[in-house]
Amino acid sequence: MLAVLRKMEQRGVLDKLKKTRQACRQIFTYAVITGRAEFNPVTDLASALKAPKQKHFPHLLTDQLHDFLIALSGYSGSLVTQSATRMLMLTGVRTIELRESEWTEFDFDNDLWQIPAERMKMRRPHIVPLSNQVNYYI
């Protein structure tokens, strides 16, 4: 198994190598559980192989923010997309939290958005204060 993965490593396809190793590990784990194999030869291979470089999502620098906001104001696409982008910037929530939000989560009397634990990455409820600007886009 290591020899096969080393060939991928030598070709420099580290992302594919990682996915292939994970898939093989799952296959062998199933084989062990169902009695088709005695051990999983992939379990400890991660430390013997190069890891792909972690890619962080690009972000705006402070001096780029003004131009971005101007471009966003001139955006001729969906008003929903424009409003959602502004809400993301104003609240700091993840896109999935905004996209899956429900009206019942918003408390407009107290200007709060209560995101339930099951939709949060850390599985804890999250309360987001709603500014006048956020309320405008809602």
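Residues 1 to 138 (full-length UniProt numbering) are what the sequence shown spells out, left to right. Even for Gly, the Cβ is constructed at its ideal location relative to N, Cα and C. Note that the structure is a prediction, hence the values are computed from the model and not measured.
Reference Asn110, options Val128, Met122, Glu97, closest by Cα:
Stepping through the sequence shown from its first residue, residue 110 is reached at position 110. When each option's Cα is compared against that of Asn110, the closest is Val128.
Can you give me the C-alpha to C-alpha distance between Gln26 and Arg86, rounded to a whole angstrom?
Your numbering for residue 26 matches position 26 in the sequence shown. Your numbering for residue 86 matches position 86 in the sequence shown. So the alpha carbons of these two residues sit roughly 41 Å apart.
From the DSSP output, read off the bridge partner residues of Leu112.
The residue given as residue 112 occupies position 112 in the sequence shown. Asp107, Pro129, per the DSSP bridge assignment.
Identify which residue in Ala46, Cys24, Leu69, Leu45 has its Cα closest to the Cα of Ala37.
Position 37 of the sequence shown holds residue 37. Ranking Ala46, Cys24, Leu69, Leu45 by Cα distance to Ala37 puts Cys24 first.
6 Å CB neighbourhood of Tyr30 in its chain, flanking five on each side removed
The residue you call residue 30 lines up with position 30 of the sequence shown. There are no such residues.
Report yes or no: do the stretch 93-108 and the stretch 117-135 share at least 3 C-beta pairs separated by less than 8 Å?
yes
Going by CA-CA distance only, name the one from Leu17, His126, Ala48, Val4 that's closest to Gly92.
Position 92 of the sequence shown, counted from the first residue, corresponds to residue 92. It is His126.
The ligand SAH heavy atom lying under 6 Å from the CB of Met1:
Looking for the ligand SAH in the displayed structure turns up nothing, as the structure carries no ligands at all.
Of the choices Gln64, Val42, Ile33, whose alpha-carbon is the least far from that of Lys19?
Walking along the sequence shown from the start, residue 19 turns up at place 19. It is Val42 whose Cα lies nearest to the Cα of Lys19.
Under 8 Å, with one C-beta from each stretch per pair, do the stretch 48-57 and the stretch 4-15 reach the 3-pair mark?
yes
Helix, strand or coil at His56 [DSSP, three-state]:
Working through the sequence shown from its first residue, we reach residue 56 at position 56. His56: coil per DSSP, three-state reduction.
Using the three-state DSSP reduction, which class does Arg94 fall into: helix, strand or coil?
Counted from its first residue, the sequence shown places residue 94 at position 94. In the structure shown, Arg94 sits in coil (DSSP, three-state: anything other than H, G, I, E or B).
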